[in-house]
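First residue of the sequence shown: 617, per our numbering; consecutive thereafter. Below is one structure, written out as structure tokens; comments come after it.
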Amino acid sequence: MRTIVTNGTIVNADGRVDADLAIKDGVIQAITPRSAGGITPGPDDVVIDATGCLVVPGGVDAHVHMQLDTGTTVSSDSFESGTIAAAHGGTTTIVDFAEQRAGGNVLQAFEKRMAEAEGQCVVDWALHQILGGVNEQALIDTRSLVEREGVASIKLFMAYPGRLYSDDGQILRALQMCADTGMMAMVHAENGLAIDVLVEQAIAAGNITPDFHSRTRPPELEAEAVHRAAVLSRVAGNAPLYIVHLSSSHALREVVEARSRGTNIFAETCPQYLHLSLEDHLGKGWPDGAAYICSTPLRSKHEHHHADLWEGLRVDQLAVVSTDHCPFCLREQKLANGESFNVVPNGIGGVEHRMDLVFQGVVAGHISAERWVEVCATAPARLFGLGKKGALREGMDADVVVYDPAKVHTLSVATHHMNLDHSAYEGMEVTGAVKTVVSRGDIIVDNGEFHGRAGRGKYLRRDVSQHVR
Ligand code: DUC
Ligand code: ZN
Ligand code: ZN
């Protein structure tokens, strides 16, 4: 028995073709243009009719935080609920994080996170390794993760002194390890020491409303950290460097500058930085503004960040859109510690909406459908060593999304599947909708109905990306 996707337009990063696609044993068996006769289903075949639809690779969300323990609360989506939401939104692979804290053991942290996710995921999943305490043993252990566990990427923080922060010396050592092994270093690039001064001064002055979360994390301090990370990557011997959640024109300019110098640097942005703003969202005050407290923060709509980020996506200054999905319920979590911007857990939930929100760039003419596929699936798969994901080709995993480019719908807490009591995109009307989602050959979502099950998602061992070596 095969599954045949008929009558659609197959879109990959490098072009589109009106073709039929056959799936057998979880992989793509054949793609045949209809100009060459297409594929005729046999009597036992399951047929998915994609008339009028785009047929695209399943989304790869390379940056999510399911059931993240912040120390005071836990992000509200479990691996199960978060991957159900991801599936509904056309994302068939997620990459979450194991977290080593200062003084902690990397291998134990990794095992703990594996155990938390095990048996829960509906779609395929992988893990990056966060290093919150870079030292000699942590680097030896992290190096061993490539062979041992198929982990090809680490994450470092230039923000959060006293918590996850690495100083420049620690970052250099970790980047040297990455230059040597080919592991990708993801970096949260914000100058945390300077931010802490601004936060302290804002609080002392009584400036505690949600908008001060953004005002105390100015784009200059993001750009400065991007610049520093790029310099350290070069000094380390061209370590593969990936700037997470890039939010500002200022930081983007530093990426462009670093690339022009031959730095092995890539960057992602997130839907919130393409659609939401300091004034319209954080500016809502209490309680609603709390929903929009995330780091890096939302930026001013008067400073061209949105336009620059869309352009950056179009011309490949930005390689990827991930969500940084990190949901917290409004009353019980975001507001639990009181009404001061600095005590609100950081994060926005969006794993379900990434494909739709980036598709709005296609609708508006900012990017092509091919580029949409590239930044949402092909590029993250390529950069993070997910060799069977991110493209519709014979022999690849059959992660396939049938996407209706004309269907209009409204994003809302009333209809989303995330375990979250509000939506950052409440009431937003979008054009384009997921119709059918296939994960390794299984139809897991069809016309809004869920057919997956917890635990069917497979842990993906990764190798270092040859693309960045
Ligand atoms: N950085 C992230 O990548 N995710 C959540 C919070 C943060 O600061
Ligand atoms: Zn971060
Ligand atoms: Zn994150």
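All residues carry an ideal CB built from backbone N, CA and C; glycine is no exception. Please read all numbers here as calculations on a predicted model, not as lab measurements.
| Asked | Found |
| --- | --- |
| Please report the straight-line C-alpha distance between residue 965 and residue 669, rounded to a whole angstrom. | 27 Å |
| Please give me, in chain order, every unbroken run of the beta strand (DSSP E) with length at least 3 that falls completely inside the segment 646 to 700. | 662 to 665, 670 to 673 and 675 to 677 |
| For the beta strand (DSSP E) containing residue 1023, name the first residue and the last one. | 1016 to 1026 |
| Assuming residue 1012 and residue 967 are in contact, meaning their beta carbons sit under 8 Å apart, how far apart are those beta carbons, in whole angstroms? | So it is not a contact: roughly 22 Å between Cβ atoms. |
| So, for residue 919: in the same chain, excluding its five sequence neighbours on each side, which residues have a beta-carbon less than 7 Å away from its beta-carbon? | 865 |
| Comparing C-alpha positions only, which one of 809, 913 and 694 sits nearest to residue 831? | 913 |
| Rounded to a whole number of angstroms, what is the C-alpha to C-alpha distance between residue 990 and residue 887? | 15 Å |
| Taking the alpha-carbon of residue 726 as reference, which of 765, 896, 891 and 1061 has the nearest alpha-carbon? | 765 |
| Going by DSSP, what residues sit across from residue 625 in a beta bridge? | 634 and 670 |
| Look at residue 985 and residue 673 and say whether their C-beta atoms are less than 7 Å apart. | no |
| Opposite residue 716 in the DSSP bridges: which residues? | 747 |
| Run through the DSSP bridge pairs and tell me what residue 917 is partnered with. | Residue 917 pairs with nothing; no bridge assigned. |
| With distances taken between CB atoms, is the gap from residue 1020 to residue 1055 smaller than 7 Å? | no |
| Given a threshold of 16 other Cβ atoms within 10 Å of its Cβ, counted over all protein chains shown, does residue 880 qualify as buried or as exposed? | buried |
| Any heavy atom of ligand 2 closer than 6 Å to the CB of residue 941? | no |
| Within the same chain, show all residues whose beta-carbon is closer than 6 Å to that of residue 956, passing over the 5 residues directly before and after it, in chain order. | 824 |
| Who does residue 859 pair with in a DSSP beta bridge? | 803 and 883 |
| So residue 935 and residue 883 are in contact, right, with Cβ under 8 Å, and what is the actual spacing, rounded? | 6 Å |
| Thinking C-beta only, is residue 997 closer than 7 Å to residue 1005? | yes |
| Could you tell me if residue 785 is buried or exposed, where buried requires 16 or more neighbouring beta carbons within 10 angstroms of its beta carbon? | exposed |
| Counting Cβ pairs closer than 8 Å, one from the segment 688 to 704 and one from the segment 648 to 661, do we hit at least three? | no |
| What do you get for residue 982, buried or exposed, if any count of 16 or more other CB atoms within 10 angstroms of its CB means buried? | buried |
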